[in-house]
Each structure stands twice: as C-alpha cells, then as structure tokens.
Amino acid sequence: PTAMQQQQQLEMEEERRAFLNQVCAESTRQDVKLWMGKTFSMVLAARFAEKEARNRERRRRQARAAGGGAMSDAGFSVFSTNTGHTFDTCTSGTALMTVGGSIAG
23 PTAMQQQQQL
33 EMEEERRAFL
43 NQVCAESTRQ
53 DVKLWMGKTF
63 SMVLAARFAE
73 KEARNRERRR
83 RQARAAGGGA
93 MSDAGFSVFS
103 TNTGHTFDTC
113 TSGTALMTVG
123 GSIAG
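FYI, this note's numbering numbers position 34 of the sequence shown as 56, with every residue one higher than the one before it.
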C-alpha cells in the first residue's frame, strides 16, 4: 500500500473507533461491537466507492469536453468524400456501406 492508502486506512480506523465509542456502551458485548464495526466499515467503503465513481465520471466528462485527449479512438475513422476511402484503413466506402447494411439488416 502507498503512503496515501495507509493514511486513509488509519483515518478510517480512527473514524470507526470514534463511531463505536459513540454508539456502544462499556457494557456492550464484544461480538456486538465487532458487528457494529464491520457494518460501519461496509457503509464507509460503499460511500468511498460511490465518491470514487463520481470522481471517475467527472474526470471522464471533463476529458470528453476538453477534446477527448484521454479517450480511445476505437471505431473512429476519417471518411473522405472525395475518394470514398477511409483514412486509416483505405477501406472503400461501398464496402463499409455493405457491411453496415448487412449488420443493420
């Protein structure tokens, strides 16, 4: 684990302990405390995963808005109306239309 991941783990553990101290009394059974800690960790992990997913989506949208520098060009070909050929593969436009039509039909 990186230093940042270790720091996050320490912060999560500290937050979990603070939660358990707040909701559990001294007389709370140890197995109940254990389950409360596991539940807290699962909720916290889900919240973290949701935040990461939102951040990933935000970065993806920003990359697309910025011109797609990080986007894949899979499926992208430049078709020339002058020659009827695609730039990358030199496939004729008629061949592409035929394949496209057979896939669509």
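Where a beta carbon is used, it is the ideal one built from N, C-alpha and C, also for glycine.
Taking 8 Å as the upper bound for CB-CB distance, residue 42 and residue 55 are in contact here, some 6 Å apart. Annotated three-state conformation of residue 49 is coil, per DSSP. The C-alpha of residue 72 lies about 32 Å from the C-alpha of residue 51. Collapsing the DSSP output to three states places residue 59 in a helix. In the same chain as residue 58, and ignoring 5 residues on each side of it, the C-beta atoms closer than 7 Å to its own belong to 42, 45 and 46, in chain order. In the three-state reduction of the DSSP assignment, residue 40 falls in the helix class.
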